[in-house]
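So the sequence shown is numbered by the working numbering: it starts at 2 and just counts up by one. Notes to accompany the following structure.
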Amino acid sequence: MHQPTHVALCGREKPLQLLHRHYRSGTPVVNSLRITAGTLRGRRLPVPPHDVRPTSERARQAFFNIVGPRIDSARFLDLFAGSGIFSFEAVSRGAAAATAIDRDHGNVERIDRLAKEWNVPVNAVEGDVVAALRGVSETFDIVYADPPYDYHAYDQLLDAIKAHVSLAPEALVAVEHRRRSDPFKAYRGPLQMARRAEYGEVWITLFADPSLRAGLA
């Protein structure tokens, strides 16, 4: 596997703060998620009834603070979107548009309903994530993937992103996964691991395309 390479975020190198989730025993159940900044700040999204581990508000803030000005006018791709909180947070903070892909019909309906109600450019797509990527035609600046913790097809996911998603120069691809298993240990695909950080029992691994990113290879 490629060795991690530091990525300059917002003009200088910063450590990536890892997102974490409310999934440990004894953690309070979260019934809604609050958008933390931007034009939609304070608005809440319902947590899907089967989602027992939504990303914490503090962790989500950390991720977007690290992304920083990159979010301005960016096109954001949200894979395994769940409630859609990352998509709505992205457009709230200045992204030009977000595409949220999830296989659950109820999740997609809720995202679509809120996007229309709030009049924001979030497009909800229903379907298997890898298959749905074949129908995505936009160019994206930031891709965030949060597969279920029992997910195993990480190599296939990264290969599908590279094969079917048009990535902008300097695009970032972030994947959240369990700390105790390293799904990218044997990865030899075209995307290059740029940075990895940990938070509790969770890792987030950041990838970039060396064919697009000057000075990364």
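Using N, Cα and C, we set each Cβ at its ideal position, and we do this for glycine too.
Under 8 Å between C-beta atoms of VAL137 and VAL176: The residue you call residue 137 lines up with position 136 of the sequence shown. The residue you call residue 176 lines up with position 175 of the sequence shown. No; because the gap between Cβ atoms is not below 8 Å, this pair is not in contact.
Cβ-Cβ distance between PHE88 and VAL48 below 8 Å: Within the sequence shown, numbered from 1, the residue matching residue 88 stands at position 87. Within the sequence shown, numbered from 1, the residue matching residue 48 stands at position 47. The question names Phe, yet the displayed sequence has Ser at residue 88. At a Cβ-Cβ threshold of 8 Å, SER88 and VAL48 do not count as neighbours.
ILE36 burial status per 10 Å Cβ neighbour count (16 or more: buried): Within the sequence shown, numbered from 1, the residue matching residue 36 stands at position 35. Result: buried.
Of the residues TYR200, PRO211, ASP73 and ARG179, the one placed nearest PRO149, counting alpha carbons only: Position 148 of the sequence shown, counted from the start, is the residue given in the question as residue 149. Nearest option by C-alpha distance: ARG179.
Pairwise C-alpha distance: ALA99 and PHE141: Numbered from 1 along the sequence shown, position 140 holds the residue referred to as residue 141. Numbered from 1 along the sequence shown, position 98 holds the residue referred to as residue 99. If you take the alpha carbons of PHE141 and ALA99, they lie about 9 Å apart.
When ARG59, LEU159, ALA116 and ASP183 are compared against LEU134, the one with the closest alpha-carbon: In the sequence shown, counting from the first residue as 1, residue 134 sits at position 133. By alpha-carbon distance to LEU134, the top candidate from ARG59, LEU159, ALA116 and ASP183 is LEU159.
Where ARG111 falls, given that 16 or more other Cβ within 10 Å makes a residue buried: Counted from its first residue, the sequence shown places residue 111 at position 110. Its Cβ being crowded by 16 or more others within 10 Å, ARG111 is buried.
Beta carbon of VAL109 nearer than 8 Å to that of VAL144: One-based indexing of the sequence shown puts residue 109 at position 108. One-based indexing of the sequence shown puts residue 144 at position 143. No. Outside cutoff.
Of the listed residues ALA38, ALA75 and ARG114, nearest to ALA63 (C-alpha basis): The sequence position of residue 63 within the sequence shown is 62, counting from 1. Comparing alpha carbon positions, the residue from ALA38, ALA75 and ARG114 closest to ALA63 is ALA38.
Paired residues, beta bridge with ASN124 - DSSP: Mapped onto the sequence shown, residue 124 falls at position 123. Note: ASN124 sits in a beta bridge opposite THR100.
For VAL130 and ILE86, believed in contact at Cβ under 8 Å, the rounded distance: In the sequence shown, residue 86 corresponds to position 85, counting from 1. In the sequence shown, residue 130 corresponds to position 129, counting from 1. Between ILE86 and VAL130 the beta-carbon gap is near 17 Å, outside 8 Å, which marks them as no contact.
Rounded C-alpha distance that separates HIS153 from ALA125: Sequence index remark: in the sequence shown, residue 153 carries index 152 (1-based). Sequence index remark: in the sequence shown, residue 125 carries index 124 (1-based). A direct Cα-Cα distance of roughly 24 Å separates HIS153 from ALA125.
Selected residue, minimal CA-CA separation from ALA116, among TYR188, SER93, ALA209 and ALA132: Against the sequence shown, residue 116 aligns to sequence position 115. Closest by C-alpha distance to ALA116, out of TYR188, SER93, ALA209 and ALA132, is SER93.
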